[in-house]
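Peer 1: I'd like to ask some things about the structure below.
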Amino acid sequence: MPDKAAVEWIRKGKAYFGKKRFKDALRSYDKALAIDPNFAVPYFSKAEVFAEQGQFKEALELCNKAIAIDPNYAEAWSKKGLCLFSLEKFDEALTACTRALALNGNDPMAWYIKGVSLDELGKSVEAQEAFGKSLELEIILDMEAEKKKMGR
Amino acid sequence: MIGTVPIAKPVRKFVYHAEELLGTEIVIARDRDAPLAGTLLDRYTYPVENEYIVFPAHYVGLIKDFIIAKLTLTLLIKGAAAKRGEYRVLSFNEESVYAGLRQIYLDALKDEAKKEKKLPVNKLIEMLFLLFMHFHEDLNELPWNPVVNTGVYIKIPKIRKTQLYYLMKEGKEDMDEMMQQMDIIPRRYFVFSKAMFYGRDYFLAKTLPADELVPVINIPQMKKFNHLEVKEMLTTRWTHTAWYQSKVFGDSMLQIMDGSIINDWNANPDLDYYYNLYSIIKRLTDNLLSYMFMTQWYVWEPVKHLEDAMLNKGEYEQKALKRIFGDLIL
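Chains as they are written, first to last, in the numbering used here: chain V, -3 to 148; chain A, 757 to 1086.
Spelled out as structure tokens, the structure:
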């Protein structure tokens, strides 16, 4: 079980991240790591911040750290796929996304990265299948977002 | 291209093509609060140095790619017209506002005479400018839609499924517009508004091609016309309904679109190609204005003119109302 104080720092970090206050977010995640260095989530959360700023090498390293702690961390695998795609390592991106999807088949981003990676590798037919799955999930998200909007 | 989001290869190539042709750099960004259709901030419309394409943050895959493709083509068309010094938008001035408000008022009077429950005078007066601005907005946007969508469909075939989903959703949303005001606004304008969307959806249904976009299949209120015989449709029961009239006018608008949107889509995509698309949009807008007897309502002017007009719109409205109602308006 993760330390409560570390979880609280992650919650704060997410709030900063939502407001694009990246430095504050990173500081919060570091505090969480200082409390519990074997907690995978802050590594992944830091990776999100770096990826958002286009620092994919740094983000990739952090994803690897998160995965080293928790090999079944689906979101970390998915983000790793994104980083590898952005670094134009399409083969490796494909492997990471396949792993992410084995852990969570309902991740539209992982399906999308799988699709674009396959497309880059010239595997158009397989890419279309992955895109189809990604679109299906994205439509569900879209409908949920609209419901929220109407509820506002 | 500046941005950190992954983008599918054909769309990315299209963005690079736009950057090269227009000599600019496009910033692609996501934002939680962006409108569902995305936003294009371009130097031809706003005081910005780079072009910005912003899409809603919850779109992570192909829907995002479609929005980027659509806005990139919009940018190319605007840019091509601007580079020739010919980019114009529909604007308005004191005289055109008067022409529009007067026409709407006369039509409203005809409608009100037939109504049992009359609209309060203050509401009727308020409605005039709202309706004028509603059509201004629609006519500045709608003619772009069939042209841009056809372009994306032809240029980027890999995202067609996504495009179809997006268009079905858009069609339904547009048809929902004005529904709450249906009994308030003059019938003629409700019908025109619906007919424009009907024409657009039908045009796209034929172009894509996709039966799901045909309004008599896609729009709940129009479904009843799908299998109706002509003889049955011509009975008073149907001909008096706003939706039947929307269908009839919509069929004419479809003809206008068919006649206006003629292009060699596979020609070399240089600046002339995109300028030609701009000319098509302008021609389509003029033809729709003419069909709806609104040619006096709006004027083609540079963006700056519209910015100024928006600042002065309150004054234009008041002056027009004064001319129509005289001292009754204080």
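By construction, the Cβ of each residue, glycine as well, lies at the ideal position given by its N, Cα and C atoms. Note that the structure is predicted; figures quoted are calculated from it, not measured.
Shortest alpha-carbon distance to S105 of chain V belongs to which of V:K8, V:E132, V:A36?
Peer 2: The sequence shown places Met at residue 105 of chain V, not Ser. Among V:K8, V:E132, V:A36, the Cα nearest to that of M105 of chain V belongs to V:E132.
Peer 1: Is the region 1052 to 1066 of chain A in contact with the region 835 to 848 of chain A, if contact means three or more CB pairs nearer than 8 angstroms?
Peer 2: yes
Peer 1: Can you give the beta carbon distance from Y76 of chain V to A92 of chain V, rounded, assuming they're within the 8 angstroms contact cut?
Peer 2: A small correction: the amino acid at residue 76 of chain V is Lys; Tyr does not occupy that position in the sequence shown. 4 angstroms between Cβ atoms; contact.
Peer 1: Whose C-beta lies closer than 7 angstroms to the C-beta of I1080 of chain A among residues of the same chain, with five residues either side of it excluded?
Peer 2: L857, R858, Y861
Peer 1: Given 8 angstroms as the limit, is there contact between the region 797 to 805 of chain A and the region 763 to 774 of chain A, that is, 3 or more CB pairs closer than that?
Peer 2: no
Peer 1: Check whether the Cβ of P704 of chain A lies closer than 9 angstroms to any Cβ atom in chain V.
Peer 2: Look at the range of chain A in this structure, 757 to 1086, and you will see that residue 704 of chain A is not part of it.
Peer 1: Mind reading off the beta-carbon distance from L960 of chain A to N905 of chain A? Whole number of angstroms is fine, and I expect it under 8 angstroms.
Peer 2: 6 angstroms
Peer 1: When you compare the CB of S82 of chain V with every CB in chain A, is at least one pair closer than 9 angstroms?
Peer 2: yes
Peer 1: Might you give, ordered along the chain, the residues of its own chain that have their beta carbon closer than 7 angstroms to the beta carbon of A837 of chain A, omitting 5 neighbours on each side?
Peer 2: Y843, Y1031, Y1034
Peer 1: In angstroms, rounded to a whole number, what distance separates the CA positions of K53 of chain V and D26 of chain V?
Peer 2: Our two residues, K53 of chain V and D26 of chain V, have alpha carbons roughly 18 angstroms apart in a direct line.
Peer 1: Which residues, in chain order, does the region 801 to 826 of chain A contribute to contact with chain V at a C-beta distance below 8 angstroms?
Peer 2: Against chain V - using a Cβ distance shorter than 8 angstroms - the residues of the region 801 to 826 of chain A are P812, H814, Y815, V816, G817, L818, I819.
Peer 1: Starting from the C-beta of L58 of chain V, find all residues in its chain whose C-beta is less than 8 angstroms away, skip the five residues before and the five after it, and write them out in chain order.
Peer 2: Y39, F40, K42, A43, F46
Peer 1: Rounded to whole angstroms, what's the CA-CA distance from E988 of chain A to H996 of chain A? Just pull it up for me.
Peer 2: One C-alpha to the other measures close to 13 angstroms.
Peer 1: In chain A, which residues lie less than 8 angstroms from A70 of chain V when you measure between Cβ atoms?
Peer 2: Those within 8 angstroms of A70 of chain V in chain A number zero; the least Cβ separation is about 15 angstroms.
Peer 1: In chain A, which residues lie with their C-beta within 8 angstroms of the C-beta of E48 of chain V?
Peer 2: Near E48 of chain V (Cβ distances below 8 angstroms), the residues of chain A are T760.
Peer 1: Which residues, in chain order, does the region 848 to 869 of chain A contribute to contact with chain B at a C-beta distance below 9 angstroms?
Peer 2: In the structure shown, chain B does not exist; the protein chains are V and A.
Peer 1: Note down, in chain order, all residues in the region 3 to 29 of chain V with a beta-carbon under 9 angstroms from any beta-carbon belonging to chain A.
Peer 2: G14
Peer 1: Between K765 of chain A and chain V, is any beta-carbon pair separated by less than 9 angstroms?
Peer 2: At least one chain V Cβ lies under 9 angstroms of K765 of chain A.
Peer 1: Going along the chain, which unbroken runs of the beta strand (DSSP E) with 3 or more residues stay wholly within the region 799 to 880 of chain A?
Peer 2: 807 to 812, 845 to 847
Peer 1: Tell me, please, whether the region 902 to 920 of chain A touches the region 972 to 991 of chain A by the rule of three or more beta-carbon pairs shorter than 8 angstroms.
Peer 2: no
Peer 1: Strictly below 7 angstroms CB to CB, what residues from chain V border T918 of chain A?
Peer 2: L131
Peer 1: So, using beta-carbon positions, are I784 of chain A and I758 of chain A closer together than 9 angstroms?
Peer 2: yes
Peer 1: Just to check my reading of the structure: T760 of chain A and Q49 of chain V have Cβ atoms closer than 8 angstroms, yes? What is that Cβ distance to the nearest angstrom?
Peer 2: 7 angstroms
Peer 1: Quick check on DSSP: helix, strand or coil for E1057 of chain A?
Peer 2: DSSP, reduced to helix, strand and coil, places E1057 of chain A within a strand of the structure shown.
Peer 1: Between A:L880, A:S949, A:P971, which lies nearest to M1050 of chain A when the distance is taken from Cα to Cα?
Peer 2: A:S949
Peer 1: Would M146 of chain V pass as an interface residue toward chain A - the criterion being a Cβ-Cβ separation below 9 angstroms?
Peer 2: no
Peer 1: Rounded to whole angstroms, how far is the Cβ of F953 of chain A from the Cβ of A998 of chain A, which I believe are closer than 8 angstroms?
Peer 2: Not a contact, Cβ separation roughly 13 angstroms.
Peer 1: Does DSSP put V947 of chain A in a helix, in a strand, or in coil?
Peer 2: helix
Peer 1: For the alpha helix (DSSP H) that L78 of chain V lies in, which residues bound it at each end?
Peer 2: 70 to 82
Peer 1: Using a cut-off of 8 angstroms between C-beta atoms, extract the partners of Y921 of chain A located in chain V.
Peer 2: L131, I135
Peer 1: What are the residues that DSSP puts in a beta bridge with L796 of chain A?
Peer 2: A:I809
Peer 1: Helix, strand or coil, according to DSSP, for R956 of chain A in the structure here?
Peer 2: helix
Peer 1: Report the three-state DSSP secondary structure of R916 of chain A (helix, strand or coil).
Peer 2: helix
Peer 1: Looking only at C-alpha atoms, which of A:K870, A:L832, A:L884 sits nearest to W900 of chain A?
Peer 2: A:L832
Peer 1: Suppose contacts are defined by Cβ-Cβ distances below 9 angstroms. Is M1013 of chain A in contact with R956 of chain A by that definition?
Peer 2: yes
Peer 1: Roughly how many angstroms lie between the CA atoms of R943 of chain A and A89 of chain V, to the nearest whole one?
Peer 2: Taking the straight line from one Cα to the other gives about 57 angstroms.
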